[in-house]
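If you count the sequence shown from 1, you need to add 1071 to reach our numbering.
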Amino acid sequence: MTVPLRLGTRGSALAMAQSGQVAEALTAATGRPVELVEVVTAGDRSSAPVHRLGVGVFVSALRDALTARTIDFAVHSYKDLPTAEAPGLHIAAVPPRQDPRDALVARDGRTLAELPPGATVGTGALRRTAQLHALGMQLVVTPVRGNVDTRLARVLGPDADLDAVVLARAGLARLGRTDEITETLDPMLMLPAPAQGALAVECRVDDPELVELLAVLDHAPSRAAVTAERALLATLEAGCSAPVAAYAILAEGEPTGSGTEDEIVHEIYLRGAVISPDGTRDLRLSRTGTPADAAEIGKALAAELLDLGADSILGQDEQAGPGTQHIGSTG
């Protein structure tokens, strides 16, 4: 019998769900059996606020297991990955991306516009905190930590103490909990985190057979969008930083008119934002280009944001204390 491939994953319900979906897709496409191997990360062991934990806290243990060859490949929430490449490792696939937008779960089925001044809204991401403040709705934004169920209980449980929470829609979808959503937030109001909703399937560079096998899961449009968003993040030198948002979509462009059948050229439309934690400074720009130039589009948009003073906003975030770069992996 074929020895199962060992897929490393965090042990949270969301991580297990998304890793299980990748395992099923790989087996369906290739016939190779896959077994899940739980890896406990530093982020799972800590109860500290996410933005205090540092970059890569949900990733490093999985990467250590890959390097030690105790697992064959790993599945990450792509937004958890530091922008710097990991020596000896390779992102072999970016599966089709889930809806990257943020979602509101509020008491009494309320939408964001229906929340009254003084309403308490929980989120673990400074990016969301900054954008909620920028709306000028006089909301009380509260840091929250924990898995999806824990956060939902803060609004919907018997001991609920919040009026609403903001989570990644993708996480709720992967857990089959979209019925809890009271509003999927328009990116014009709440621009997502770079790579939100996307998964990264990672393996060792020195395993070319597995690199080739995993490539069957790769979705080129999702990879292009994530490449643009993360290039913006890296150029801002913000790591997996707090008040940075980016959202790229691929759309069909105009027919080229070359040949008997017009060729449709796809283009990327990238929006990026850097928002001060208190919401008083909100820089937003957009740029378009072709998927082949995804990384350059992200770099160029970041350069424009820096020209407008984005570095001073990011500097404000750094002054908030050590470890303010953060990753909101649990939704």
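Every residue, glycine too, gets a C-beta built ideally from N, C-alpha and C.
Please classify residue i: is it buried, with 16 or more other beta-carbons within 10 angstroms of its beta-carbon, or exposed?
| i | result |
| --- | --- |
| PRO1263 | buried |
| ALA1184 | exposed |
| SER1383 | exposed |
| PRO1171 | buried |
| GLY1247 | exposed |
| ASP1151 | buried |
| THR1141 | exposed |
| ALA1164 | buried |
| LEU1076 | buried |
| ASP1173 | buried |
| ALA1241 | buried |
| GLY1343 | buried |
| ALA1231 | exposed |
| VAL1297 | buried |
| VAL1272 | buried |
| ALA1139 | exposed |
| SER1118 | Only weak support exists for where SER1118 lies, its pLDDT of 45 falling under 50; the value from the coordinates is given anyway. It counts as exposed. |
| VAL1276 | exposed |
| VAL1111 | exposed |
| PRO1265 | buried |
| ASP1250 | exposed |
| ALA1155 | exposed |
| VAL1093 | buried |
| THR1194 | buried |
| ALA1086 | buried |
| PRO1268 | In the sequence as presented, Pro is not what sits at residue 1268; that position holds Gly. With 16 or more other Cβ atoms within 10 Å, it is buried. |
| VAL1215 | buried |
| ALA1099 | exposed |
Kindly indicate which residue of the options has the alpha-carbon position closest to the one of residue i.
| i | options | result |
| --- | --- | --- |
| ALA1136 | THR1080, GLY1195 and LEU1238 | THR1080 |
| VAL1236 | ARG1245, LEU1243, THR1298 and ARG1225 | ARG1225 |
| ALA1316 | MET1259, GLU1367 and HIS1290 | MET1259 |
| GLU1109 | ASP1378, LEU1097 and SER1090 | SER1090 |
| ALA1145 | GLU1251, GLU1106 and ASP1179 | GLU1106 |
| LEU1270 | ARG1168, MET1208 and LEU1197 | ARG1168 |
| GLU1254 | ARG1301, ASP1179, PRO1104 and PRO1229 | ASP1179 |
| ASP1404 | LEU1243, ASP1257, PRO1188 and GLY1159 | Because the chain here runs from 1072 to 1402, residue 1404 falls outside it and cannot be looked at. |
| THR1182 | MET1208, PRO1158 and ARG1134 | MET1208 |
| LEU1227 | LEU1175, ASP1278 and LEU1256 | LEU1175 |
| ARG1103 | LEU1377, HIS1161 and GLU1280 | GLU1280 |
| VAL1282 | ALA1088, ARG1294, GLY1386 and LEU1160 | LEU1160 |
Spatial neighbours of residue i within its chain, please: CB distance less than 7 Å, with the 5 preceding and 5 following residues excluded, ordered by chain position.
| i | result |
| --- | --- |
| LEU1210 | LEU1186, ALA1190, VAL1192 and LEU1203 |
| THR1101 | LEU1284 and VAL1287 |
| ASP1289 | ALA1164 and VAL1165 |
| ALA1205 | ILE1346, GLY1350 and ASP1353 |
| PRO1314 | LEU1197, ARG1198, ALA1201, VAL1345, ILE1346, SER1347, PRO1348, ILE1384 and ASP1388 |
Among the residues of its own chain, which have a CB less than 6 Å from the CB of residue i, if the five just before and after it don't count?
| i | result |
| --- | --- |
| VAL1212 | VAL1192, THR1200 and LEU1203 |
| ALA1299 | ALA1319, ILE1339, LEU1341, ALA1365, ILE1368 and GLY1369 |
| ALA1381 | VAL1345 and LEU1354 |
| ALA1373 | LEU1303, THR1306 and LEU1307 |
Leaving out the 5 sequence neighbours to the left and right, which residues in its chain are closer than 8 Å to residue i when beta-carbon positions are compared?
| i | result |
| --- | --- |
| HIS1337 | PRO1292, LEU1321, ALA1322, GLU1323, GLY1324, THR1361 and PRO1362 |
| ASP1220 | ALA1084 |
Closer than 7 Å to a non-hydrogen atom of the ligand ZN - does that hold for the CB of residue i?
| i | result |
| --- | --- |
| THR1194 | This structure lacks the ligand ZN; in fact it carries no ligand of any kind. |
Checking the sheet assignment: what are the DSSP bridge partners for residue i?
| i | result |
| --- | --- |
| VAL1213 | The sequence as given places Thr at residue 1213; Val does not occur at that position. In DSSP, THR1213 forms a bridge with GLY1193. |
| ASP1178 | Checking the displayed sequence, the identity of residue 1178 turns out to be Arg instead of Asp. According to DSSP, which records beta bridges pairwise, ARG1178 is partnered with nothing at all. |
| SER1357 | ARG1342 |
| LEU1078 | LEU1107 and PHE1144 |
| ILE1320 | TYR1340 |
| VAL1226 | DSSP, once it has assigned bridges, lists no residue as partnering VAL1226. |
| VAL1315 | VAL1345 |
Worksheet item: Which ranges does the beta strand (DSSP E) cover as unbroken runs of at least 3 residues, wholly within the region 1234-1274, from first to last along the chain?
Response: 1235-1239
Practice prompt. Would you mind listing the alpha helix (DSSP H) stretches within the region 1125-1174 that are 4+ residues and don't spill past its ends, in chain order?
Written response: 1131-1138
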